[in-house]
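Presented below is the structure to which this report refers.
There are 4 protein chains.
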Amino acid sequence: MADYVYGPGRTHLFVPGPVNIPDPVIRAMNRQNEDYRSPAVPALTKILLEDVKKIFKTTSGTPFIIPTTGTGAWESTLTNTLSPGDRIVSFLIGQFSLLWIDQQQRLGFNVDVVESEWGRGADLDVLEAKLRQDTAHTIKAIAIVHNETATGVTNNLATVRKLLDAYRHPALVLVDGVSSICALDFRMDEWGVDVALTGSQKALSMPTGLGIVCASPKALEASKTAKSLRVFFDWKDYLKFYEMGTYWPYTPSIQLLYGLRAALDLLEEEGLDNVINRHTRLGTATRLAVEAWGLKNCTQKEEWFSNTVTAVVVPSYIDSGEIVKHAWKRYNLSLGLGLNKVAGKVFRIGHLGNLNEVSLLQPPPIHSSIP
Amino acid sequence: MADYVYGPGRTHLFVPGPVNIPDPVIRAMNRQNEDYRSPAVPALTKILLEDVKKIFKTTSGTPFIIPTTGTGAWESTLTNTLSPGDRIVSFLIGQFSLLWIDQQQRLGFNVDVVESEWGRGADLDVLEAKLRQDTAHTIKAIAIVHNETATGVTNNLATVRKLLDAYRHPALVLVDGVSSICALDFRMDEWGVDVALTGSQKALSMPTGLGIVCASPKALEASKTAKSLRVFFDWKDYLKFYEMGTYWPYTPSIQLLYGLRAALDLLEEEGLDNVINRHTRLGTATRLAVEAWGLKNCTQKEEWFSNTVTAVVVPSYIDSGEIVKHAWKRYNLSLGLGLNKVAGKVFRIGHLGNLNEVSLLQPPPIHSSIP
Amino acid sequence: MADYVYGPGRTHLFVPGPVNIPDPVIRAMNRQNEDYRSPAVPALTKILLEDVKKIFKTTSGTPFIIPTTGTGAWESTLTNTLSPGDRIVSFLIGQFSLLWIDQQQRLGFNVDVVESEWGRGADLDVLEAKLRQDTAHTIKAIAIVHNETATGVTNNLATVRKLLDAYRHPALVLVDGVSSICALDFRMDEWGVDVALTGSQKALSMPTGLGIVCASPKALEASKTAKSLRVFFDWKDYLKFYEMGTYWPYTPSIQLLYGLRAALDLLEEEGLDNVINRHTRLGTATRLAVEAWGLKNCTQKEEWFSNTVTAVVVPSYIDSGEIVKHAWKRYNLSLGLGLNKVAGKVFRIGHLGNLNEVSLLQPPPIHSSIP
Amino acid sequence: MADYVYGPGRTHLFVPGPVNIPDPVIRAMNRQNEDYRSPAVPALTKILLEDVKKIFKTTSGTPFIIPTTGTGAWESTLTNTLSPGDRIVSFLIGQFSLLWIDQQQRLGFNVDVVESEWGRGADLDVLEAKLRQDTAHTIKAIAIVHNETATGVTNNLATVRKLLDAYRHPALVLVDGVSSICALDFRMDEWGVDVALTGSQKALSMPTGLGIVCASPKALEASKTAKSLRVFFDWKDYLKFYEMGTYWPYTPSIQLLYGLRAALDLLEEEGLDNVINRHTRLGTATRLAVEAWGLKNCTQKEEWFSNTVTAVVVPSYIDSGEIVKHAWKRYNLSLGLGLNKVAGKVFRIGHLGNLNEVSLLQPPPIHSSIP
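In order, the protein sequence lines correspond to chains B, V, C and X. For reference, each letter of the first sequence is one residue, going 1 to 371 in the UniProt record's numbering. For reference, each letter of the second sequence is one residue, going 1 to 371 in the UniProt record's numbering. For reference, each letter of the third sequence is one residue, going 1 to 371 in the UniProt record's numbering. For reference, each letter of the fourth sequence is one residue, going 1 to 371 in the UniProt record's numbering.
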C-alpha cells in the first residue's frame, strides 16, 4: 500500500532505536492473527517466558511480556513495587532518565534526584552518602538507567549492588535496560537487580510493541503490598493467568510473539556473549571514527562509554539538528537528534541491534526438515 | 521460522477477535522499522489522526492512538477524565463489562454497578431512575459497553443520550466500542459520546497493538482537572506532541501505523456504511443458522441482537467448551469459549471484521501509477 | 501496492492449479535477492536436488529444477530424449494431453495419437497392440499424462510398465505428472518411468515458476544422442554445473528456492504417503458430494477417478461457464472451467495441494533454537 | 523457515544481477496464488503489457512476458525470427555475448562471429565491411548485447542502425538488453531495434523469473515464416491469447505480475529518464572510485564505459576471485567474479537497479484512499 517516502535503495537506520529488524524476524511476523485461547499460543508463550529470562541473565526472575513500550514498562516497574509517597533515589543524567524521573514524580513518589552533568554517569558517591545516612531505610528503591540513550553513558550497576550490600540496604534496584539489554553486559541475578526492563524495538531488533519486564523474587514479594493503583500494568493479572497456563490477561500480538521467538532464536544461535562482544567492537569502532573525525564524544570518561549509542559533540558554530536533517534528506540515513539540554549540540549514532560488522560468515548449516 | 501448529489448509478464525487480517494490511505491515522522528512518520501520523476520526463518526473529537490493548484503552479513558472517588454508573451484563468494572474499582472509583442477567442489555430504566434522583450531579460518568462480546448483546446508546438530555445531566458518557466500532452503527457526535475506544484487532481487522481512544471536547476539558495518576496513558503528553507536530510521546510501531493506513483505506474504499450493512447481513445470517440448528441465542431479545458476535446456548447435557475444542482440533476452526457465568453453556461465533459474504466482486480498478 | 480486485474475506481457490500456498512457504519466499554464485546458494541447491527426488520416489533419477512452467518441462522432457522424426505413442484424453501432443507435433516428432473419449483413460489395449506389432522398436517413447487435469482422469502407469516389460520393449516412458506428483501415488523407480515432470504451482503448493523434471539413467543416456535442438532446456548445461558444484547454468529465483525448501519441509513433516492419503480422502469426499448433488462425474469409470481434480458434468440446459463465473463474482470462489470439447459442459473442482480436511491438529512441536 | 547463512546486518548486493529488490516490490509479491483465468488477472495483464512497452521506449512493439530467464528470452528472440541455417552477424566481446553465440550455434544458425578483445566494444567497422559486401542480403540478423555484463562494455546501438540504414540492409537487429534496459539509454523505436529483451532480476529490480521480450512489427512479420522449431517460446501462442483477451498460454506467476506492477509504478514515479540519469551518476562515481584506488577499468575506452557494471582489473599478483570471496565472508558483500577469459583478473561491481545514491528525499506524498 502507500509508501510515504520512497527513494531508490535502502534506509540506513542508525538511531538508537527503533533498530533494523533481521529478515528472519520480519518473515516470522508476516502472518495472520490466531486465537490466543487455542492450545497453540499458550504452548508458544510458555517457552517464550522461559527463554526470555536468558536475555536478563536470570534464572530466578519472573518475566512479563507486556503489550506496551518502554514508557509503559517503566510504569509497570514502579507501580508494582512501590506505594505513593515512597522514596526513590533516581539519577538524572540525560533525557531518558529525566523522563523516567518525571514519571516517578507524576505517579506520586518522593523522588530524591541525583543530577549529573549530561555526559557523565550516575554519581554513585552521592548514592553512597545517601545509603550511609539512611539507616532507617526510608529509601525504598534505587531507579537507574543502565544506559542513558541521550548521552551514550553506561552506568556501573555492579557498583550500585556493592554499595547496597556494603550498607546492607534493602532498597529495590530498578533498572531501565532499554538501550542495554541484549547488547551490553547485564547480569540481573549476579548484580541483584530487582526489576529490569527493555523494549522490543531496541537491541532485540524487533518492531515496537513489547515492554519486557523481569522481576526478582523480592520484587514479586513487594508487588503484593505495593499500593500504587494499577490494572493494565498489574503483574497480579499476569500471574493469575500464568497459573492457569493460559498466560494472557488480554489479547497478545500473535505477530510479535512469533517475532520474539525468531529474535530469541537468533540470539541463541549467535550466543548472547558473542552478541555483547560484537557490540563492544562496534562501540569501539564508532568511538575511533569520531576521534578520527576530530570530534568529541559527549561521554566524558571512558568508564561510561556506551557500546550501544555514541553522542557526538559538534563544533559550536554548527547546529547538530542540521546534520541529522541533511543525513536524512541526502543520504537516506537516520541519526539521532540531540535532545533537550544537548539539542543542537550533539547528534547520536545508534550502534545497537542488527548491524553489520566485519565478520566471517559461516558455511551454511544444512537443514532438511521443517523447524 | 518455527510454525507451532501446522496442518494443511487454512485456519478458520471465527472468534470475536482477534479477527482475520486482510492481505493488503498484512502486506502493508511487512516492513522494516523507520525513525519516527524523521519527517515521514509525522506526515503519515497527521493524516491517520484525521482519518481515524471517521470510524467514530466524529468531527469534533480528538483521537489518541496508543500502543496498548483494549484494557489499556479502558484505563486511558477512565484516568484521563475522572478522579479517584468519582461516582460512575456502570452496567454489568457480561464478562467484558465485568472486567471493566473491576478495573474501575481497582482504580479507586466509586462504581454504581447496574447488573443485568447475562444475555440481556444494560438496564436503562435503572439508569433513568438514578439520573432522576441525582439532582446534585454526583454521577460523574456513565460507563457502558456498546457491545458485550461475551454474550452478543448490543446496548442502545441513543437512549442513554436521550435520558441524559432529558434530565439535563452532565455526566460523561464513556463507551467501550471494542467489538462495535467499524462494524456496528456508532455515532460519537450525534449520540454525545464523550470517550469512545476500540482495539486494532477487532473490526479494524489488524493485529493487536493499538488502543484507539477518541475524546470529545468535553472529555478533553475534563482531562485538565482529572486527578487520577497517569503517565503512559496520559493524553496530555500526546497533546503536547500534537502541538509540536511530531505526534508521539514514545516510539510508535511503524508497522502498525502503515497497517492502520491500509485498514482505513479499505474502509474508505468499501464505505463505512456499507461495512456496517455487511455486518448486519452476516449477523442476521448467523442468527438464522443458529435457529435452523435448533439452538438458542444467548441474547434474550431482538433489540439487543449483536451483529458482531453471537453466543449460542448449547443443550444442558453438552459442555460448550468441548465443541470449541473439537472445532479447533478437527476443523482448524476457532470459536469463542463461554466465559465466566456462561462457561460451558455457550460458545461464540465472531462475525466481525474481514469475513466473506455473498457479494458481487467489482470489475477491478485499474491503477497505473504508484499510490 | 495495487490490489486489483478486493472484497472482504478470502479467495477460495478450488482450481486444479495454481493452488493455495501454505503460509510457511509464503513466509520463506518473503525475501531479498541473493547472489547465486555465493557459497550459500549452492549449499542450498545441493540438498534441494537430493530432497526433490523423494517426491518422484526415485533414488536413481537426476532432477532438473528449471525456471519455467509445465509447458517448458514438457519441452525439456521431449527435446532431451528424442530426435526429430522419432515415433512417440501419445494418448489424447483431454485438453492437456492434447496440448502436449500439439507440442510433440510442432517439435517435429512423429506422433502416434491414441485417442479416447474425454472422460476415459488412456486406451492401453491399443498400446498393447502397438507394442506387440512393433518388433522393430520404431516406437521411441510413450508419452502419457498421469492425470488429465481437464477431465479428472488418472491413468494406470503400472500397467504401462507391465506391457512394456511383457513385450521387452525399450521405449522410453515420459510422464506428465503435473497434476499428480505430490498428490497421487507415483513411483518413478518402481514403474520404470524415464522422465517425470511437474510444476511448482500444483500439488507442491508454491507459486508458478519451477518446472521440475526428473530423468532416469536411461533417459540421461538417451539425452547424449538426442538430436533435438535445445539450449535453454538442455540438461547438458545443468549437468556441467552440477559437476562444478555451482548447479545453475543461469540465474535461479532465490525466492522459489527457499519456497521449495519450505514446501519440501512440509511434505517431509506430514509424510508423503500421508499427503497422498489425504488426497484420497478429499477426492472421495468430493465425488460423494457430486453424487449427493445429483450430478455426474465426467470420469466414466471408477478405475480412472482422480484424487486431485473432479470434472462435474452439468445438466445440458446449463452453461457450466456461468456457474464458474457466478461462483467467482458472488462467492469469491474459483472453480475450473470446462476446456475445449467439454467447454460449457463441465466445471472442475481442484482438490489438490494445501487444502483443509477433517484432521486432528497435533499438540504443537516445541522449538527453541533457530532452524 | 531455514535461513541458510545468517549473520547480523544486511547483505550488500553489488553483483550485476540479481539486484536489490525495493521493499514495495517485495510487499507486492507477498501474496497467495490467484486463478489466472478469473477476470482480475487479464485486467492486470492488459495494463502491464501496455506499460511494459515504456521501458523499451517503443509504441509500436509487441511485448511478451515469458516465465523464463534471460537465456530463455534469447532463445525466444532467435527462434521466433529466424530459420535454421540463417546467417547472423554476432559480436563476441565477453562471456555473455559468448554464451549467446553458443546458443545461436547450437540452435543451428550460421553465425558470423566478430570478435573483439575483452574490454572493447563490438567492432562496428567489421560490421560495416560485412554490410557493404552483403548486397545479396544473406545476413538475416545482427545479434548484439547492448551491455556486456562480463566486462562492463556498452555498445553503440545508434551506430548499428546508422550502418544498416546507410547500406539499406534489411537485417533484423536483435538486442540483448539484459543489463541495460531500465538503466541505460535505450530507444527501441528510434534505433530501429527489432527484438529487445531483458530479465526481471536486472535493472527492473525484481526476483528472477520473467524474460521480457519486445518485438517490432517487422520482427512479428518475420515470426510468421521463421522455421525454427519452438513451442514454449513461440510468440504465436501468446498472440492467440492476446486476441482472446486472456493473455496467457500457460500459467503465469501471480506474484511476479504484481511485482512487475509495483516495479513499473516505481519507474513511473521516479521517471525513466531520471532513473537513467541516476545510473549515469552511479556509474561515473564508481569509475572515479576505481581510479582513486589506483586500479584499472577493464573497459578500454570511455565510449564503451558502462553505467550498470564496472569490471575492475586487479594487479597481476592478486587473484580477483580471492577479493570476491573475502568480501563475501568478511563484509557480507557480494561482488561479481571475473568470468572465463578474465577469471582471476577482474572483479565486477554491479551498480544497477535499486541502489542508494546521494539524493534529496521528497516531502512525502499524502494518500488517503486505497490505490
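All C-beta atoms, glycine included, are put in the ideal place defined by N, C-alpha and C. For clarity, every value in this text was computed on a predicted model and none was experimentally measured.
Interface residue (Cβ-Cβ distance to chain B less than 8 Å): X/R10 is classified as such. If you ignore the 5 residues before and after C/E115, its C-beta comes within less than 6 Å of the C-beta of L92, all in its own chain and listed in chain order. Straight-line measurement puts the Cα of X/L210 at about 8 Å from the Cα of X/L256. If you draw a straight line from the Cα of B/E268 to the Cα of C/L288, it is about 51 Å long. Under the DSSP definition of a beta bridge, X/P63 partners with X/C214. Of all residues in the segment 10 to 40 of chain X, only D23, P24, I26, R27, A28, N30, R31, Q32, P39, A40 come within less than 8 Å of chain V when Cβ atoms are compared, listed by chain position.
The beta carbon of V/E128 does not come within 8 Å of any beta carbon belonging to chain B, so the residue lies off that interface. In terms of Cβ geometry, C/T69 and C/R230 do not form a close pair [threshold 8 Å]. For X/N110, the uninterrupted beta strand (DSSP E) segment begins and ends at 110 to 115. For V/I276, the closest of V/A183, V/L352, V/L337, V/E303 by C-alpha to C-alpha distance is V/A183. The alpha-carbon of X/K345 is positioned some 15 Å away from that of X/V290. For V/L260, the enclosing alpha helix (DSSP H) begins and ends at 254 to 270.
The straight-line gap separating the alpha-carbon atoms of X/R87 and X/S223 is approximately 16 Å. For V/L98 and V/K130, the gap between their C-alpha atoms comes out near 20 Å. Between the alpha carbons of C/G192 and X/Y36 lies a distance of about 35 Å. Straight-line measurement puts the Cα of V/L197 at about 15 Å from the Cα of V/S60. C-alpha of C/V126 to C-alpha of C/V89: approximately 10 Å in a straight line. The count of Cβ pairs closer than 8 Å, one atom from the segment 25 to 34 of chain V and one from the segment 231 to 241 of chain V, stays below three, leaving the stretches out of contact.
Assigned with DSSP and collapsed to three states, X/E357 falls in coil, not helix or strand. Of B/T246, B/F347, B/W328, the smallest CA-CA separation from B/A311 is found for B/F347. When only Cα atoms are considered, X/S205 and X/P18 end up about 8 Å apart. At a beta-carbon threshold of 9 Å, the residues of chain B lying near V/R106 are L229, R230, V231, D234, ordered along the chain. Beta-carbon to beta-carbon, V/T308 and V/S180 are separated by about 7 Å, close enough to satisfy the 8 Å threshold. Going by DSSP, C/R161 is part of no beta strand (DSSP E) but of the alpha helix (DSSP H) stretching over 157 to 166. A distance of 8 Å or more separates the beta carbons of X/L82 and X/A215. For X/R281, the closest Cβ of chain B is not nearer than 8 Å. Judged by their CB atoms, X/H146 and X/L157 are nearer to each other than the 8 Å cut-off. In the three-state reduction of the DSSP assignment, X/D176 falls in the strand class.
Out of B/L266, B/I55, B/H326, B/T138, the CA that lies nearest to the CA of B/D23 is found in B/L266. Residues of the segment 336 to 359 of chain B with a Cβ closer than 9 Å to any Cβ of chain X, in chain order: G353, N354, L355, N356, E357, V358, S359.
Taking the CA atoms as reference points, C/F233 sits about 16 Å from C/S253. At the C-beta level, B/W100 and B/D194 stay beyond 8 Å of one another. Exclusion of the five residues before and after X/P16 leaves T149, S179, T308, V309, G336, R348, G350, L352 as the residues of its chain whose Cβ lies within less than 7 Å of its Cβ. With a 10 Å radius around the Cβ and a threshold of 16 neighbouring Cβ atoms, V/M244 comes out exposed. Within the same chain, T77, A141, A143, V195 come within 6 Å of B/L174 by CB-CB distance, once the 5 residues on both sides are set aside.
Where V/L92 is concerned, the enclosing beta strand (DSSP E) starts and stops at 87 to 92.
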